[in-house]
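Colleague:
Number of protein chains: 2
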Amino acid sequence: MKIVEDQKVLQRQVDDWRRQGLKIGLVPTMGFFHEGHLALMRKAASCCDKVITSLFVNPMQFGPNEDLDAYPRNFERDRSLAEQESVDVLFCPDTTQMYGENFQTRVMVEKLSKGLCAASRPGHFDGVATVVTKLFLAAKPHVAVFGQKDFQQLAIIRQMVEDLNFDVEIIGHPIVRESDGLAMSSRNKYLNEQERKIAVCLYESICKAKQMFGKMGDLLTSAEVENMVKSHIEQHPECRVDYASVVHKTTLQHVENCNENSMLILAVKVSNKVRLIDNSPLQESI
Amino acid sequence: MKIVEDQKVLQRQVDDWRRQGLKIGLVPTMGFFHEGHLALMRKAASCCDKVITSLFVNPMQFGPNEDLDAYPRNFERDRSLAEQESVDVLFCPDTTQMYGENFQTRVMVEKLSKGLCAASRPGHFDGVATVVTKLFLAAKPHVAVFGQKDFQQLAIIRQMVEDLNFDVEIIGHPIVRESDGLAMSSRNKYLNEQERKIAVCLYESICKAKQMFGKMGDLLTSAEVENMVKSHIEQHPECRVDYASVVHKTTLQHVENCNENSMLILAVKVSNKVRLIDNSPLQESI
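Residue numbers (this note's numbering), protein chains in the order written: chain A, -15 to 270; chain B, -15 to 270.
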């Protein structure tokens, strides 16, 4: 596995691969790999000849009061894990390369970047759309694999790819969960033992919502689901629901009644410090 | 010469060329070709194996009260001229392909898209940056050639290429002028005979400014240049100076004193209907 820091070096490498007719997969990450990241790398390897994993903690997607500095990092461990997954290139640009002194360009996906996570993280998705554009242009992949845990992010990237004519196939990979159902996330590291136990309430509320939909189908209103989720999660005094919303799976527009295209999507703040997100189609079998 | 309307067809063609190791040049245009456009195509042909000219009148860069519908078009003439210039592909996407129903992505180059032309054309440069991104991603060129007449546009595109990691070399081509010095523009067609004669005052004021800089050098203030330009042009009652500004050639920031990095850049409205632009380094020989 090569470690590449310079995007121009990466571009020359991928140009070479493309001239050889090889298919290139990209897995954009912020590092601190867990089983979820590794599953994305395996997915890319399963459909591509060459896999590039990018590792960049992107300042542009963190708000001024967010956890940019605290965000967990462990380069040596990440390098070793990526190597075990047969990644060909680990692309690790530094911040001064990615955002030079005079940097001033922003990519915005306007409608999808409103509401849900954007309500409490203004500017976050502009940072995501901009850095993903940069990574796509640096790595020139045929395929890029993203986790479905960041569901709004995935919807935004799909829309951006369509709108800007990116010649990149986007694959969304199902959420990888701990054995009790908690969605894997680098931010789970912030939870203490007690909070970690409680955090399964996000997944429990998703399972309950699916059961309700299984019984009631289209008769189920979104408000019923949302109220159930809020009560279930906020029975723990440590938890505050940031949002819990039933939305259409591609437009992310809120719907009044649940149907086979509905997603439950939620964000929860634990002990007013750790923000966890989760989501699921209502129809999918549990 | 092939006419290609579908961007996916174009992408497959350029992928083939790239696999063969061929160098691809793109000339983005809004059509209604004049000698200025043809010079860009020749420039691209001189340094590339394959030349793509795009022809798309981009609604996103026109304001609600601008001349989108009136913008001159003549496809058969354009096709014939491009063919004579050995263009390989004329890429002519239609508006519904470029901007689908749910289109919502915007590329903004923030600092450079303020002031000068942006003051009277709000949103114009977001439209330019967005469509150029789309054209770059559809045509995947190694090189793209733009005219220097649209100087702010060129500065914005250079910045965007740097900021977003586009692997595209940007070439700015000097302004091509009519025999009396008027910068060639598709919009010159809007001028009646009398207005056409008067319109040379933009070029005259540029020549005078260069003479002043030649004599006074760094002692010359921008205000002196700007006042001279305004008086010279507005001696014609048909002409109103939208702006005339001495700026730094890459940052486009206004400067107090002229120097070897200064550009004079101006926009003039003729008979309150035709907006003409022009520019020049102060130092360049006339």
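The beta carbon of each residue, even a glycine, is placed where N, CA and C say it ideally should be. Given the structure is predicted, the values throughout are model-derived calculations rather than measurements.
DSSP has residue 134 of chain B in a bridge; who is on the other side?
Modeller: Start at 1 with the first residue of the second sequence, and residue 134 of chain B comes out as number 150. Partner(s): none; residue 134 of chain B has no beta bridge.
Colleague: Below 8 angstroms, how does it come out for the stretch 194 to 214 of chain A and the stretch -4 to 3 of chain B: are there three or more Cβ pairs, yes or no?
Modeller: Verdict: no, contact absent.
Colleague: Identify, in the order they occur along the chain, each residue of the same chain with its Cβ nearer than 7 angstroms to the Cβ of residue 210 of chain A, setting aside the five sequence neighbours on each side.
Modeller: For the purposes of this step, residue 210 of chain A is taken as residue 226 along the first sequence, with counting starting at 1. So the list reads 228, 229 and 230, once near-sequence residues are dropped.
Colleague: Is DSSP giving residue 329 of chain B helix, strand or coil here?
Modeller: Only positions -15 to 270 of chain B appear in this structure, which leaves residue 329 of chain B out of reach.
Colleague: Anything in the stretch -8 to 8 of chain A with a Cβ closer than 7 angstroms to a Cβ of chain B? List those residues in chain order, please.
Modeller: Hits within the stretch, in order: -5, 2, 3 and 5.
Colleague: Rounding to the nearest angstrom, what Cα-Cα distance links residue 32 of chain B and residue 108 of chain B in this structure?
Modeller: Against the second sequence, residue 32 of chain B aligns to sequence position 48. Against the second sequence, residue 108 of chain B aligns to sequence position 124. Taking the straight line joining both Cα atoms gives about 30 angstroms.
Colleague: Is the beta carbon of residue 168 of chain A sitting closer than 8 angstroms to the one on residue 20 of chain A?
Modeller: Within the first sequence, the letter at position 184 stands for residue 168 of chain A. Within the first sequence, the letter at position 36 stands for residue 20 of chain A. Contact flag set, yes.
Colleague: Which of the residues in the stretch 140 to 157 of chain A, read from start to end, lie with their CB under 8 angstroms from any CB of chain B?
Modeller: Against chain B - using a Cβ distance shorter than 8 angstroms - the residues of the stretch 140 to 157 of chain A are 143, 144, 146, 147, 148, 149, 150 and 151.
Colleague: Below 8 angstroms on the Cβ atoms is my guess for residue 125 of chain A versus residue 93 of chain A; work out the distance and round it to an integer in Å.
Modeller: By one-based count along the first sequence, residue 125 of chain A stands at place 141. By one-based count along the first sequence, residue 93 of chain A stands at place 109. Not a contact, Cβ separation roughly 19 angstroms.
Colleague: With a threshold of 8 angstroms, are at least 3 pairs of Cβ atoms found where one atom belongs to the stretch 61 to 76 of chain A and the other to the stretch 7 to 17 of chain A?
Modeller: With the cut-off at 8 angstroms, the stretch 61 to 76 of chain A and the stretch 7 to 17 of chain A touch.
Colleague: Residue 96 of chain A versus chain B: which residues are under 9 angstroms apart at the beta carbon?
Modeller: What you label residue 96 of chain A is simply residue 112 of the first sequence in a count that begins at 1. Correct list: 88.
Colleague: For residue 105 of chain A and residue 261 of chain A, what's the separation of their Cα atoms in angstroms?
Modeller: Residue 105 of chain A sits at position 121 when you count from the first residue of the first sequence. Residue 261 of chain A sits at position 277 when you count from the first residue of the first sequence. In a straight line, the C-alpha of residue 105 of chain A is about 13 angstroms away from that of residue 261 of chain A.
Colleague: Which residues, taken in chain order from the stretch 116 to 139 of chain B, show a beta carbon closer than 7 angstroms to some beta carbon of chain A?
Modeller: Flagged, chain order: 117, 118, 121 and 122.
Colleague: Against residue 14 of chain A, what residues of chain B qualify as contacts under a CB-to-CB distance less than 7 angstroms, listed in chain order?
Modeller: Within the first sequence, numbered from 1, the residue matching residue 14 of chain A stands at position 30. Correct list: empty, because the minimum Cβ distance to chain B is about 18 angstroms.
Colleague: So the beta strand (DSSP E) residue 227 of chain B belongs to, where does it begin and stop?
Modeller: Working through the second sequence from its first residue, we reach residue 227 of chain B at position 243. Note, residue 227 of chain B: beta strand (DSSP E), 223 to 232.
Colleague: I want to verify the contact list: residues of chain B whose CB lies under 9 angstroms from the CB of residue 213 of chain A, in sequence order.
Modeller: Translated into positions along the first sequence, residue 213 of chain A becomes position 229. Near residue 213 of chain A there are no residues of chain B at all, since even the closest Cβ is about 28 angstroms away, more than 9 angstroms.
Colleague: Out of A/115, A/122, A/160 and A/145, which has the shortest C-alpha to C-alpha gap to residue 133 of chain A?
Modeller: Walking along the first sequence from the start, residue 133 of chain A turns up at place 149. Closest option to residue 133 of chain A, Cα to Cα, is A/160.
Colleague: Measuring straight from C-alpha to C-alpha, what distance separates residue 99 of chain B and residue 244 of chain B?
Modeller: For the purposes of this step, residue 99 of chain B is identified with residue 115 of the second sequence, where counting begins at 1. For the purposes of this step, residue 244 of chain B is identified with residue 260 of the second sequence, where counting begins at 1. Computed Cα separation, rounded: 22 angstroms.
Colleague: When DSSP labels each residue in this structure, what does residue 220 of chain B get in the three-state scheme?
Modeller: Residue 220 of chain B sits at position 236 when you count from the first residue of the second sequence. Looking at residue 220 of chain B - three-state DSSP - the assignment turns out to be coil, as it is neither helix nor strand.
Colleague: Regarding residue 251 of chain A and the ligand ZN, is the C-beta to nearest heavy atom distance less than 7 angstroms?
Modeller: Annotation note on the ligand ZN: not contained in the displayed structure, which lists no ligands.
Colleague: Among B/170, B/241 and B/145, whose alpha-carbon lies nearest the alpha-carbon of residue 207 of chain B?
Modeller: Taking the second sequence and counting its residues from 1, the one referred to as residue 207 of chain B is at position 223. Closest by alpha carbon: B/241.
Colleague: My parser needs the alpha helix (DSSP H) runs of 4 or more residues fully inside the stretch -2 to 52 of chain A; what are they?
Modeller: Counting whole runs of 4 or more residues, the stretch -2 to 52 of chain A contains the alpha helix (DSSP H) stretches 19 to 31.
Colleague: Pick from B/84, B/-11, B/13 and B/48: whose alpha carbon is nearest that of residue 146 of chain A?
Modeller: Within the first sequence, the letter at position 162 stands for residue 146 of chain A. Checked all of B/84, B/-11, B/13 and B/48; the closest Cα to residue 146 of chain A is B/84.
Colleague: Using the C-alpha atoms, what's the distance from residue 239 of chain B back to residue 216 of chain B?
Modeller: For this step, residue 216 of chain B is matched to residue 232 along the second sequence. For this step, residue 239 of chain B is matched to residue 255 along the second sequence. Between residue 216 of chain B and residue 239 of chain B, the C-alpha separation is close to 21 angstroms.
Colleague: Should residue 149 of chain B be labelled buried (16 or more other beta-carbon atoms within 10 Å of its own) or exposed?
Modeller: As a first step, residue 149 of chain B is located in the second sequence; it is residue number 165 there, counting from the start. It counts as buried.
Colleague: Expressed to the nearest angstrom, what Euclidean distance is found between the alpha-carbon atoms of residue 293 of chain B and residue 219 of chain B?
Modeller: The structure shown does not extend to residue 293 of chain B, since chain B spans only -15 to 270, so no value can be given for it.
Colleague: In or out: residue -14 of chain A buried (at least 16 other Cβ within 10 Å) or exposed?
Modeller: Taking the first residue of the first sequence as 1, we reach residue -14 of chain A at position 2. By the 10 Å Cβ count, residue -14 of chain A comes out exposed.
Colleague: Return the first residue and the last residue of the alpha helix (DSSP H) that residue 115 of chain B is part of.
Modeller: The residue you call residue 115 of chain B lines up with position 131 of the second sequence. From DSSP, the alpha helix (DSSP H) with residue 115 of chain B extends over 108 to 123.
Colleague: On the three-state DSSP scale, how would you describe residue 57 of chain A?
Modeller: For the purposes of this step, residue 57 of chain A is taken as the residue at position 73 of the first sequence. Here residue 57 of chain A sits in coil by DSSP.
Colleague: Grouping DSSP H, G and I as helix and E and B as strand, with all else coil, what is residue 199 of chain B?
Modeller: By 1-based counting over the second sequence, the position of residue 199 of chain B is 215. Three-state DSSP puts residue 199 of chain B in a helix.
Colleague: Within 10 angstroms of its Cβ, does residue 222 of chain B collect 16 or more other Cβ (buried), or is it exposed?
Modeller: Along the second sequence, read from residue 1 onward, the residue named residue 222 of chain B stands at position 238. With 16 or more other Cβ atoms within 10 Å, it is buried.
Colleague: Using a Cβ-Cβ distance under 8 angstroms, would residue 247 of chain B count as near chain A?
Modeller: Here residue 247 of chain B is taken as the residue at index 263 of the second sequence, counted from 1. Taking Cβ atoms only, chain A never reaches closer than 8 angstroms to residue 247 of chain B, which makes this a no.
Colleague: Sort out for me which residues DSSP pairs residue 153 of chain B with in a bridge.
Modeller: The sequence position of residue 153 of chain B within the second sequence is 169, counting from 1. Answer is B/127.
Colleague: What's the call for residue 199 of chain A, buried or exposed, on a 16-neighbour Cβ count within 10 Å?
Modeller: As a working note, residue 199 of chain A is residue 215 in the first sequence. Answer is exposed; the Cβ neighbour count stays below 16.
Colleague: Which residues in the same chain as residue 174 of chain B place their Cβ atom closer than 7 angstroms to its Cβ, once the five residues preceding and following it in sequence are excluded?
Modeller: Position 190 of the second sequence holds residue 174 of chain B. Excluding sequence neighbours, residue 174 of chain B sits near 257 and 258.
Colleague: Taking the alpha-carbon positions, what's the residue 341 of chain B to residue 8 of chain B distance?
Modeller: In the structure as shown, chain B starts at -15 and stops at 270, and residue 341 of chain B therefore has no counterpart that could be examined.
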